[in-house]
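Trainee: Handing you a structure now.
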Amino acid sequence: MRYTINHRPSFSLLEVELSQGEAIQAEAGAMVHMSPTIKMETKAKGGVFGALKRSMLGGESFFINTFRGPGTLGLAPSYPGDIEGLEIDGTLYAQSGAFLASSEGIRIDTKWGGAKTFFGREGLFLLKMSGRGMVFLSSFGAIYRKELHNEHFVIDTGHMVAFTDGLDFKVRRVGGLKSTLFSGEGLVAEFHGTGTLYIQTRSMDSFISWIIPHLPKGRD
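Numbered according to this note's numbering, the sequence shown terminates at residue 231, and the numbering increases by one at each position without gaps.
And the structure:
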């Protein structure tokens, strides 16, 4: 699949060149532009039950759009940030809302993260993408990767985008109760194992906390 990612990292736009019969599946509402020769099909991926589970538990839209070439297609997330294209042959886990698009053959499901994720930014459920092909993830801020080789690594829960099979994590407090409540850091995810961790440079939660005091107050 031929693609380019333009205007990185703040206002990234994914442009894909689809050959005759080649297809890509994308989140509903992600299309920015497309050639008139491209055909679009909308359906509940995985059936009604699978789509409901992905929508209610994984933070993704109920419907998935499939675009079939030939032609050029432009896709973008609904918020400012980066887009990363990952070629996978196996399984990739991502935070809720990170999925933008993928090859047609990639399976998208939700995975129970266990009680360890209860206080995590990504919630109780993670997106599980499996198969062989391309996956495009979006983030709030720029995306960078950290390779782990049988080691531990700690990040703020609001900065996790995705991680590969072979990594696991637990959510814990950054320090004592006072540090958790007043340091501004809150909870962290401690990853361990061997694999790749994808991190976003900005946190949606932190941005919302910053912007709320600046919003105009309602009139009495």
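For every residue, glycine included, the Cβ atom is placed at its ideal position computed from N, Cα and C.
1) Which of the three DSSP states, helix, strand or coil, is assigned to Gly169?
2) Ends of the beta strand (DSSP E) at Met51?
3) Find out if the Cβ-Cβ distance for the pair Met215, Gly177 is shorter than 8 Å.
4) Taking the alpha-carbon positions, what's the Gly206 to Lys228 distance?
5) Compute the beta-carbon to beta-carbon distance between Val165 and Glu115, rounded to the nearest angstrom, for a pair I have assumed lies under 8 Å.
6) Identify the continuous beta strand (DSSP E) that holds Asp100 and give its terminal residues.
7) Starting from the C-beta of Leu103, find all residues in its chain whose C-beta is less than 7 Å away, skip the five residues before and the five after it, and write them out in chain order.
8) With which residues is Asp179 paired in a DSSP beta bridge?
9) Could you tell me if Gly108 is buried or exposed, where buried requires 16 or more neighbouring beta carbons within 10 angstroms of its beta carbon?
10) Exposed or buried, what is Tyr1 when buried is set at 16 or more other beta-carbons lying within 10 Å of its beta-carbon?
11) Along the chain, where does the beta strand (DSSP E) containing Ile75 start, and where does it finish?
12) When DSSP labels each residue in this structure, what does Met5 get in the three-state scheme?
13) Opposite Ile215 in the DSSP bridges: which residues?
14) Could you tell me if Met171 is buried or exposed, where buried requires 16 or more neighbouring beta carbons within 10 angstroms of its beta carbon?
15) Out of curiosity, what's the CA-to-CA distance linking Asp120 and Arg13?
16) What residue range does the beta strand (DSSP E) around Glu33 cover?
17) Could you check what DSSP says for Ile117 in three-state terms: helix, strand or coil?
18) Are there 16 or more other CB atoms within 10 angstroms of the CB of Ser89, so buried, or fewer, so exposed?
19) Would Gln31 be called buried (16 or more neighbouring beta carbons within 10 Å of its own) or exposed?
20) Closest to Val199 by C-alpha separation, out of Ile219, Arg213, Val182, Thr212, would be which residue?
21) Taking 6 Å as the limit between beta carbons, can you name the residues of its chain near Asp100, skipping five residues before and five after?
Mentor: So, from the data block:
1) Your numbering for residue 169 matches position 158 in the sequence shown. Three-state result, Gly169: helix.
2) By 1-based counting over the sequence shown, the position of residue 51 is 40. Per DSSP, Met51 is one residue of the beta strand (DSSP E) stretching across 50 to 54.
3) As a first step, residue 215 must be located in the sequence shown, where it is residue number 204. As a first step, residue 177 must be located in the sequence shown, where it is residue number 166. Going by C-beta atoms, Met215 is not nearer than 8 Å to Gly177.
4) Start at 1 with the first residue of the sequence shown, and residue 206 comes out as number 195. Start at 1 with the first residue of the sequence shown, and residue 228 comes out as number 217. When only Cα atoms are considered, Gly206 and Lys228 end up about 46 Å apart.
5) Stepping through the sequence shown from its first residue, residue 165 is reached at position 154. Stepping through the sequence shown from its first residue, residue 115 is reached at position 104. In fact, because the Cβ distance is near 37 Å, the residues do not count as touching under 8 Å.
6) Position 89 of the sequence shown, counting from 1, holds the residue named residue 100. That run of the beta strand (DSSP E) goes 94 to 105.
7) Counting from one through the sequence shown, the residue named residue 103 turns up at place 92. Cβ neighbours of Leu103 beyond the five flanking positions: Leu97, Met140, Val146, Ala173, Thr175.
8) Residue 179 sits at position 168 when you count from the first residue of the sequence shown. For Asp179, which the question treats as bridged, DSSP gives the partners His203.
9) By one-based count along the sequence shown, residue 108 stands at place 97. So Gly108 counts as buried.
10) Because the chain is modelled from 12 through 231, residue 1 falls outside the range shown and cannot be assessed.
11) To locate residue 75, count along the sequence shown from 1; it is residue 64. 75 to 79 is the extent of the beta strand (DSSP E) around Ile75.
12) The structure shown does not extend to residue 5, since the chain spans only 12 to 231, so no value can be given for it.
13) For the purposes of this step, residue 215 is taken as residue 204 along the sequence shown, with counting starting at 1. According to the sequence displayed, residue 215 carries Met and not Ile. DSSP lists no partner for Met215.
14) Against the sequence shown, residue 171 aligns to sequence position 160. Under this definition Met171 is a buried residue.
15) What you label residue 120 is simply residue 109 of the sequence shown in a count that begins at 1. What you label residue 13 is simply residue 2 of the sequence shown in a count that begins at 1. If you take the alpha carbons of Asp120 and Arg13, they lie about 25 Å apart.
16) Reading the sequence shown from its first residue, position 22 is the one you call residue 33. That residue, Glu33, is in no beta strand (DSSP E); it is neither H nor E in DSSP.
17) Indexing the sequence shown from 1 puts residue 117 at position 106. Annotated three-state conformation of Ile117 is coil, per DSSP.
18) To locate residue 89, count along the sequence shown from 1; it is residue 78. That one is exposed.
19) The sequence position of residue 31 within the sequence shown is 20, counting from 1. An exposed status is given to Gln31, since fewer than 16 other beta-carbon atoms sit within 10 Å of its beta-carbon.
20) Here residue 199 corresponds to residue number 188 of the sequence shown, with the count starting at 1. Of the listed residues, the one whose Cα sits closest to Val199 is Val182.
21) By 1-based counting over the sequence shown, the position of residue 100 is 89. Result list for Asp100: Arg143, in chain order.
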